[in-house]
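Asks: Residue numbers (our numbering), protein chains in the order written: chain D, 438 to 756; chain G, 7 to 437.
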Amino acid sequence: MTSTVVHEPRQRVRVRPSLKERLANWDVKVSPYLYIAPFFVVFGVVGLFPLLYTAYVSFFDWEIGDDNPKFLGFGNYVELMGDGQFWHAVGNTLSIFVLSSGPQLVVAVLLAALLNMRLRGPTGWRVGVLLPYAASLVALGIIFANLFGPRYGLINSLLESVGLDRVEWQANRFASHLAIATMVNWRWTGYNALIVLAAMQALPKDVMEAAVVDGAGPVRRFFSVTLPMLRPTLVFVVITSTIGGLQIFTEPKLFDAMPGSNNGGSTNQFQTVTLYLYQQGFEGFDLGYASAIAWVLFLLIVVIALGNFLLTRRMGRIR
Amino acid sequence: MRHLHKGVSFAIGLTVLGATLAACGGGGGSAGGSGDGGQIELSIGTFTEFGYEDLITEYERLHPNIKITHHKTGEGGPYHQNLITKLAAGSGLEDVVAVEEGHFSDIVDKGGKFNDLTEIGPKDVTADRWLNWKYEAGKDSGGRLIGYGTDIGPLAMCYRKDLLEAAGLPSDPEGVKALFSSWDAYFAAGDQYVARTGKPWFDSAGQNFNAMVNQLDVGYLDRDDKLTLETNPGIKSAWDKVTTAVAHGQSAKLVAFSNEWKTGFQQSAFATKTCPSWMLGVVEENAGAANAGKWAVTDAFPGGGGNWGGSYLTVPKQSRHPKEAAEFAAWLTAPEQQLKAFAAKGNFPSQTQALTSPQLQDETSAYFGDAKIGQLYAEQARKVTKAQYKGPGDGQIQENVTTPALQAVEQGTPADQAWQQVVDGAKKIVK
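What follows is the structure in structure tokens.
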């Protein structure tokens, strides 16, 4: 420390802090930002930049390898709004989403309630429901595509053996959505159940005990106490499955009988928005149009996620 | 130590940030480049099996100043997608790049990004090295030669002897030729077969349709890259014949190369199959030992000859050693080398001298009743008379428009409605 004893203030002496002090000062002010900076740098490079650049590309007629892309303004978006195949894909995506996310959440909550009861070997059960999530998605896709094979598939054989008609899992639009949704549910139900279970176990015990004292049975307790208190977790689960569900790609791609195809079936009956996007971008090499699809899909996800958020919040309030 | 020294912690923060930035900026570095002492590094990109492993070693031995890196990709689809992307990016491609015939239409209008091999290639490599139609199909829209032919997939017909016999149809290699003399004869025989057995005649409508369209003078696009669907009577006629056959129950309705299609071979779900040379291995693998001795192949194909498959070697403009690359590609596609590739992986050569060589002529297949398949397919290759021009989008129309539409017909969509799907879909691809 420098000690400055100034007897006569003839001239103001500015006390310059030492290097050590200045470092300490910077440390307090700057270090926290430096520590979180890597995230923002990485996000900026691989998240934000592609997002904005995609928006830029979407305003051009930009074929891959084109050195002079032509500026179209909102031309791609106008074309997209009138593109029947796009709306068809949106319909498929929403249908698969509803068929998967709806049942999935109900089953996940019930499963969590079951796992929350006193069971022998609780860890074993919990790991068990997570196993489908740990399995390779591609392996699952191939296995399910075989199970749902219209001609030699196991499910149709079972249906026939009990005297029912075989189902055209590939050709029929709704049946194909059901088959793909089954694949999604198989993979994600256990994962969501574990998230809900964790939330259930964190619920305060005293509220539950008060309900027991008030004479509420287990069913009443579940609907009137547990579910409302799970609301924040359910909001999270609904939002994440909305984001994931609307971007579904691998399952319908692997389900297609034609290997490697992005068509989503012979009449695009199960082509999702991301499959259509991929087809336009990397088979048609029409990057501008694909970028426009990407942005519309992004906005669609924001709108639907917001809607689901409001819906889940409301549901929680109604007793 | 509870707290790091302040200066140290600040420095760590800076280092972490710096490392992140460095990681982002890293990468790059191009393939190829010449080392010191006149050493030249060449790279070659192929997919599935070209049978080039030993040949590359041999070339390095013959040319001590050249070092070759081989990039091999398992599947053709991702390989060609990567090719187009790197072609667009202007860097990252190998010096010698293989392109499959079905994907050639994706680069046919991008010829400016490839070297004209008649200019940079060895002068002693001339058109007469290859079958004429193979040589012609290696040209871009402007008529510049951008690819040296490697292998081909001449078409013949595979059929189940036992099933034809059971249906009272001729089944010996000579007698069966009448059934496969024209498409009309083929579908008429199919009607007979269905009437007598109640079982399907062929595997998949798209497999026949593609072969029929390939035999036309003009394909989906004309020389001006205009769509011909609505003006080309050949395409509509082929469509009508195939969809009529489907309506008559001739199709087993199996999507080619799907798992159910593979199972179909074991279940004897169909009696005939369009059979390019490389399909023999596919049939043997899927039909398996249980069906050994039942399959046969004959050197007759409806409508004359045809081709499905085969590749080209190109030298992109982005190569730093185009002359050396072209020399290497020329050497690989010489008859002697392609015969070695044929011996290694069975890729059927496209070079006229290779087709007459005793090695190829004596090739037989035990699974197909010791048929002289080398001689048979060489004969089929010579029956192809011309190279149909395949304009930009041709491959996509076949993969994403006509094949799915025929699948839709097999699934019950009315033929005229599916034809509309074809016209609309093709117009979307060729904008």
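Beta carbons are placed, not taken as given, at the ideal position from N, Cα and C, and that holds for glycine.
Is there a Cβ of chain D sitting closer than 8 Å to that of threonine 419/G, yes or no?
Replies: Yes, contact with chain D.
Asks: Please check the pair leucine 93/G and glycine 519/D, which I expect to be a contact at CB under 8 Å, by giving their CB distance rounded to whole angstroms.
Replies: That pair is no contact at about 31 Å.
Asks: Taking DSSP as the reference, what is the three-state secondary structure of leucine 137/G?
Replies: Coil at leucine 137/G, not helix or strand.
Asks: For the segment 392-408 of chain G against the segment 100-120 of chain G, do three or more pairs of beta-carbon atoms, one drawn from each stretch, fall closer than 8 Å, so that the two count as touching?
Replies: The segment 392-408 of chain G, when compared against the segment 100-120 of chain G, does touch it at the 8 Å Cβ threshold.
Asks: According to DSSP, methionine 163/G sits in a beta bridge with which residue or residues?
Replies: Its beta-bridge partners are Thr280/G, Thr304/G.
Asks: Assign lysine 392/G to one of three DSSP states: helix, strand, or coil.
Replies: Three-state DSSP puts lysine 392/G in coil, outside helix and strand.
Asks: Would you list the residues sitting across from glutamine 357/G in a DSSP beta bridge?
Replies: Paired residues: Trp136/G.
Asks: What's the gap between the Cα of lysine 507/D and the Cα of serine 495/D?
Replies: Roughly 11 Å separates the two Cα atoms.
Asks: Could I get the ranges of all uninterrupted beta strand (DSSP E) runs contained in the segment 306-351 of chain G, with 3 residues as the minimum, in chain order?
Replies: Listed in chain order, the complete beta strand (DSSP E) runs (minimum 3 residues) inside the segment 306-351 of chain G are 313-320.
Asks: Between the beta-carbon of alanine 384/G and the beta-carbon of glutamine 367/G, is there less than 8 Å?
Replies: Cβ atoms of alanine 384/G and glutamine 367/G: closer than 8 Å.
Asks: Within this structure, are the beta carbons of aspartate 101/G and valine 321/G separated by less than 8 Å?
Replies: Yes, these two residues count as a Cβ contact at 8 Å.
Asks: Taking C-beta pairs closer than 7 Å, name the residues in chain D that valine 261/G reaches, listed in chain order.
Replies: Residues of chain D passing the Cβ test: Ala694, Met695.
Asks: Tell me whether phenylalanine 611/D counts as near the ligand MN, meaning its Cβ is closer than 7 Å to at least one heavy atom of that ligand.
Replies: Although the ligand MN was asked about, the structure shown includes no ligands whatsoever.
Asks: Look up alanine 104/G in the DSSP assignment and give the residues it is bridged to.
Replies: Looking at the DSSP assignment, alanine 104/G forms a beta bridge with Leu319/G.
Asks: With respect to the alpha helix (DSSP H) encompassing isoleucine 592/D, which residues constitute its N-terminal and C-terminal limits?
Replies: It spans 591-598 - the alpha helix (DSSP H) in which isoleucine 592/D sits, taken as one unbroken run.
Asks: Strictly below 8 Å CB to CB, what residues from chain D border glutamine 381/G?
Replies: Near glutamine 381/G there are no residues of chain D at all, since even the closest Cβ is about 32 Å away, more than 8 Å.
Asks: Comparing C-alpha positions only, which one of Lys232/G, Thr358/G, Val103/G sits nearest to isoleucine 50/G?
Replies: That would be Val103/G, whose Cα lies nearest to the Cα of isoleucine 50/G.
Asks: Here's the rule: buried if 16 or more other CB atoms are within 10 angstroms of the residue's CB, otherwise exposed. What is proline 420/G?
Replies: Under this definition proline 420/G is an exposed residue.
Asks: Using a beta-carbon distance below 8 Å, is isoleucine 685/D in contact with chain A?
Replies: Absent from the structure: chain A. Protein chains present are D and G.
Asks: Output yes if chain G places a C-beta closer than 8 Å to the C-beta of arginine 588/D; else output no.
Replies: With 8 Å as the cut-off, arginine 588/D counts as an interface residue toward chain G.
Asks: Going by CA-CA distance only, name the one from Asp305/G, Thr304/G, Gly270/G that's closest to valine 288/G.
Replies: Per the Cα distances, Gly270/G.
Asks: What residues from chain D crowd round alanine 411/G, counting only those whose CB sits closer than 9 Å?
Replies: By Cβ distance, chain D contributes Ser703, Thr704.
Asks: Could you spell out where the alpha helix (DSSP H) holding serine 129/G opens and where it closes?
Replies: The displayed chain sequence assigns lysine, not serine, to residue 129/G. Premise fails: lysine 129/G is in no alpha helix (DSSP H) and is neither H nor E.
Asks: Specify, as a first and last residue, the run of the beta strand (DSSP E) that phenylalanine 477/D falls within.
Replies: Not the beta strand (DSSP E): phenylalanine 477/D falls in the alpha helix (DSSP H), residues 456-480.
Asks: Can you tell me whether DSSP reads aspartate 197/G as helix, strand or coil?
Replies: In this structure, aspartate 197/G counts as helix in the three-state DSSP scheme.
Asks: Report all residues from its chain with a CB closer than 8 Å to the CB of glycine 590/D; omit the five preceding and five following residues, and keep chain order.
Replies: Excluding residues within five positions, the ones whose Cβ falls inside 8 Å are Asn583, Leu584, Trp606.
Asks: Does the count of Cβ pairs from the segment 633-642 of chain D and the segment 670-683 of chain D closer than 8 Å reach three?
Replies: Verdict: yes, contact present.
Asks: Beta-carbon of asparagine 353/G versus every beta-carbon of chain D: anything under 8 Å?
Replies: Chain D, which has no Cβ nearer than 8 Å to the Cβ of asparagine 353/G, makes this no.
Asks: Return the CA-CA distance between glutamine 357/G and glycine 380/G, expressed in angstroms with no decimal places.
Replies: Looking at the two C-alpha atoms, the distance is approximately 13 Å.
Asks: At 7 Å on the CB atoms, spell out the chain D contacts of aspartate 269/G, in chain order.
Replies: The amino acid at residue 269/G is misidentified as aspartate; the sequence shows threonine. Simply Tyr589.
Asks: On the criterion of 16 or more Cβ atoms from any shown chain inside 10 Å, does valine 219/G qualify as buried, or is it exposed?
Replies: Flag for valine 219/G reads buried.
Asks: Using a Cβ-Cβ cut-off of 8 Å, state whether tryptophan 189/G counts as contacting chain D.
Replies: False, the Cβ-Cβ gap to chain D never drops below 8 Å.
Asks: So is glutamate 64/G in contact with chain D if we call contact Cβ pairs under 8 Å?
Replies: No, glutamate 64/G lies away from the interface with chain D (no Cβ there is under 8 Å from its Cβ).
Asks: Does the CB of glutamate 100/G have a neighbour CB from chain D at under 8 Å?
Replies: Output row for glutamate 100/G: interface = no.
Asks: Since I believe serine 257/G is in contact with proline 206/G (beta carbons under 8 Å), could you give me their beta-carbon distance rounded to a whole number of angstroms?
Replies: 6 Å between Cβ atoms; contact.
Asks: With 8 Å set as the bound, which would you pick, yes or no: does the beta-carbon of alanine 184/G sit closer than that to a beta-carbon of chain D?
Replies: By this cut-off, alanine 184/G is not an interface position.
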